[in-house]
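Comments concern the structure below.
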Amino acid sequence: MRPDPHSFNISSERLVFAWLILLAFSFASAVLTMLPVPSAVGGGGIMFLALVKSRVILSRYLGLAQSPAWLRGFTIVLTGFSVLVFGLYLI
Amino acid sequence: MSDGGVQPGSLVDELPGELMMWVLIISELLVFGAGLIAFMAVRLTDPTGFAEAQSHLYRTGAAFNTAVLVSSGYLAAQALHWRQAARRGAARLALIGAALLGVVFLIIKGTEYAGKLGQGITYETHPFFMFYYLLTGFHAAHVLAGVGILLLVAWRDDPRNIEAGAQFWHMVDLVWIMLFPVIYLLG
Chain A
0 MRPDPHSFNI
10 SSERLVFAWL
20 ILLAFSFASA
30 VLTMLPVPSA
40 VGGGGIMFLA
50 LVKSRVILSR
60 YLGLAQSPAW
70 LRGFTIVLTG
80 FSVLVFGLYL
90 I
Chain B
0 MSDGGVQPGS
10 LVDELPGELM
20 MWVLIISELL
30 VFGAGLIAFM
40 AVRLTDPTGF
50 AEAQSHLYRT
60 GAAFNTAVLV
70 SSGYLAAQAL
80 HWRQAARRGA
90 ARLALIGAAL
100 LGVVFLIIKG
110 TEYAGKLGQG
120 ITYETHPFFM
130 FYYLLTGFHA
140 AHVLAGVGIL
150 LLVAWRDDPR
160 NIEAGAQFWH
170 MVDLVWIMLF
180 PVIYLLG
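Sequence order for the protein chains is A and B.
Using numbering that gives the first Met the number 0, the first residue of the first sequence is number 0, and each one after it goes up by one.
Using numbering that gives the first Met the number 0, the first residue of the second sequence is number 0, and each one after it goes up by one.
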């Protein structure tokens, strides 16, 4: 079968690593809500972890690792969204 | 003269997978993003009421659902990898596994809704719950559609079909990753 040049391909090892990162960061988010930290620190940490997880999904699951310009664009927009949500949370 | 198509080497040409799936992904992210920003803006009018309402949510179940969904996403991504390596049986099993995890997500979500409704908590109880039912319900509808799509591409297992189906499923995953902390955790 001729490989499709538009098709996304990634090694199994990288997929497993991405999955483990997502599980670990999801667990870290849950732990963060139980720690006696100021709400600004907890909220900031939770949004930061969500941002990192979304970037892992975009780069590894959705294949944007092979298209750095698009990955950068999505990261900028999602960072703006996270900052806005966090700002509204702090008000 | 331009034929109006995508030029080879253009930025759009760099996107992996189906272009129309990326249009859908961006559209869905904008819709859910606008909903979450509206949720946070309305929260400003009654932060105490929102925090009290949020304390009624089943955080453990939702956190477990996050693990379920990212694991399902892993299986969908792995299915594409295996199909490209001509391992059709493994790819089909991975897609069916991904769909089953989607069903697990829906069962937990349904249990959560039943618990809320059993306590008399509806979308009219508080503005928090209007957003809660609207955003999580709309997402659950996407999960339901995604389960159907995953099963469809497990049957019609052309690599391009699997890639498009997996893209849709990763979009559902991505939306949940941003929705979960805002609705369930930022109290």
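Just so it is clear, CB atoms sit at the ideal spot from N, CA and C, and this is done for glycine as well.
Given the structure is predicted, the values throughout are model-derived calculations rather than measurements.
Beta-carbon proximity list for residue i, same chain, < 7 Å, skipping 5 on both sides
i, result
"residue 156 of chain B", "82, 87, 90 and 91"
"residue 139 of chain B", "105 and 108"
"residue 0 of chain A", "Confidence at residue 0 of chain A is low in this model, with a pLDDT of 45, below 50, so its placement is unreliable and the value that follows should be read with caution. Result list for residue 0 of chain A: empty, nothing under 7 Å."
"residue 43 of chain A", "85"
"residue 46 of chain A", "81, 84 and 85"
"residue 14 of chain A", "59"
Where residue i sits in the DSSP three-state scheme
i, result
"residue 86 of chain B", "coil"
"residue 57 of chain B", "coil"
"residue 62 of chain A", "coil"
"residue 172 of chain B", "helix"
"residue 122 of chain B", "coil"
"residue 69 of chain B", "helix"
"residue 42 of chain B", "helix"
"residue 67 of chain A", "helix"
"residue 16 of chain B", "coil"
"residue 53 of chain A", "helix"
"residue 13 of chain A", "helix"
"residue 82 of chain A", "helix"
"residue 36 of chain A", "coil"
"residue 26 of chain B", "helix"
"residue 9 of chain B", "coil"
"residue 89 of chain A", "helix"
"residue 159 of chain B", "helix"
"residue 184 of chain B", "helix"
Cβ-Cβ distance between residue i and residue j below 7 Å
i, j, result
"residue 38 of chain B", "residue 128 of chain B", "no"
"residue 24 of chain A", "residue 63 of chain A", "no"
"residue 142 of chain B", "residue 171 of chain B", "yes"
"residue 126 of chain B", "residue 41 of chain B", "yes"
"residue 98 of chain B", "residue 149 of chain B", "yes"
"residue 144 of chain B", "residue 79 of chain B", "no"
"residue 20 of chain A", "residue 55 of chain A", "yes"
"residue 53 of chain A", "residue 77 of chain A", "yes"
"residue 60 of chain A", "residue 76 of chain B", "yes"
"residue 31 of chain B", "residue 146 of chain B", "no"
"residue 31 of chain A", "residue 41 of chain A", "yes"
"residue 88 of chain A", "residue 29 of chain B", "no"
"residue 66 of chain B", "residue 22 of chain A", "yes"
Neighbourhood of residue i by C-beta distance below 6 Å, restricted to the same chain and skipping five residues each side
i, result
"residue 64 of chain B", "104 and 107"
"residue 56 of chain B", "183"
"residue 163 of chain B", "17 and 20"
"residue 35 of chain B", "181"
"residue 111 of chain B", "57 and 60"
Residue i: contacting residues in chain B (beta-carbon distance under 7 Å)
i, result
"residue 45 of chain A", "180, 184 and 185"
"residue 61 of chain A", "166 and 169"
"residue 9 of chain A", "80"
"residue 21 of chain A", "69"
"residue 53 of chain A", "173, 176 and 177"
"residue 90 of chain A", "43"
Amino acids of chain A, ordered along the chain, whose beta-carbon sits closer than 7 Å to that of residue i
i, result
"residue 65 of chain B", "25"
"residue 73 of chain B", "14 and 18"
"residue 32 of chain B", "80"
"residue 76 of chain B", "14 and 60"
Contact set between residue i and chain B, taken where Cβ atoms lie within less than 8 Å
i, result
"residue 84 of chain A", "35, 36, 39, 181 and 185"
"residue 87 of chain A", "36, 39, 40, 42 and 43"
Beta-carbon neighbours of residue i, restricted to chain B and to distances below 9 Å
i, result
"residue 28 of chain A", "62, 65, 179, 180 and 184"
"residue 16 of chain A", "Correct list: empty, because the minimum Cβ distance to chain B is about 10 Å."
"residue 66 of chain A", "10, 13, 14 and 15"
Close Cβ partners of residue i (< 8 Å) along its chain, the five nearest in sequence each way excluded
i, result
"residue 3 of chain B", "At residue 3 of chain B, the pLDDT of 49 sits below 50, so the modelled position is not reliable; the number obtained from the coordinates is stated separately. Answer for residue 3 of chain B: no residue qualifies."
"residue 75 of chain A", "none"
"residue 178 of chain B", "31, 35, 134, 135 and 138"
"residue 158 of chain B", "79, 82 and 83"
"residue 74 of chain B", "93, 94, 96, 97 and 100"
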